[in-house]
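Visitor:
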Amino acid sequence: MAFSSNRRGQGRSRRRGGGHALMSEINVTPMVDVMLVLLIVFMVAAPLLTVGVPVDLPQTRSAPLQGDDEPLTITVQEDGTIYLQETQVEVAELVARLLAIGENGYEERIYVRADRTVEYGQVMRVMGTISRAGFSRVGLVTETATHNDRSN
């Protein structure tokens, strides 16, 4: 009888568990899959977060500034074309637009993004225009230089 009762117990455990022992480890494969998908999404989306006007920025070895709000940027392209954010403007029109922005309560720093081949005088004219509009906090945007680059 002891032999037959033992046999019944084995039959029950096989039906319930299918003959396999309980797995006590966490399966991390789905989590890794989700993380890889998120990584790919961020890698694709990161270049789209910069201001849309392409310029070849000069390089420097300074640390990047920390900021929470979207900055107001003025871009000067290689051919001298000026953009306020992503809208093309003329120099004469820039003062009126900046004055309107200032009247709306904008007091943050204005960033100037100029192509590395733009003449120094052109960048200074844009900065003078910003100053005439009443903004004194102006920053120049550069790219971080690599350690191999000794041209600075």
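If you use my numbering, the sequence shown corresponds to residues 234 to 385, in order. Built from N, CA and C at the ideal position, the CB exists for glycine as well.
(1) Can you find the residues in the same chain that come closer than 6 Å, C-beta to C-beta, to Leu327, ignoring five residues on each side of it along the sequence?
(2) Mind reading off the beta-carbon distance from Gly372 to Tyr344? Whole number of angstroms is fine, and I expect it under 8 Å.
(3) Short of 7 Å in beta carbon distance, which residues of its chain neighbour Ala366, apart from the five on each side in sequence? Order them along the chain.
(4) Taking the beta strand (DSSP E) that Gln321 belongs to, which residues open and close that run?
(5) So for Gly313, helix, strand or coil by DSSP?
(6) Name the DSSP bridge partner or partners of Ala347?
(7) Just to confirm before moving on: does the CB-CB distance between Asp348 and Glu311 stay below 7 Å?
Guide: In terms of the structure at hand:
(1) Thr362
(2) 5 Å
(3) Val328, Leu331, Leu332 and Gly335
(4) Thr320 to Val322
(5) coil
(6) Val309
(7) yes
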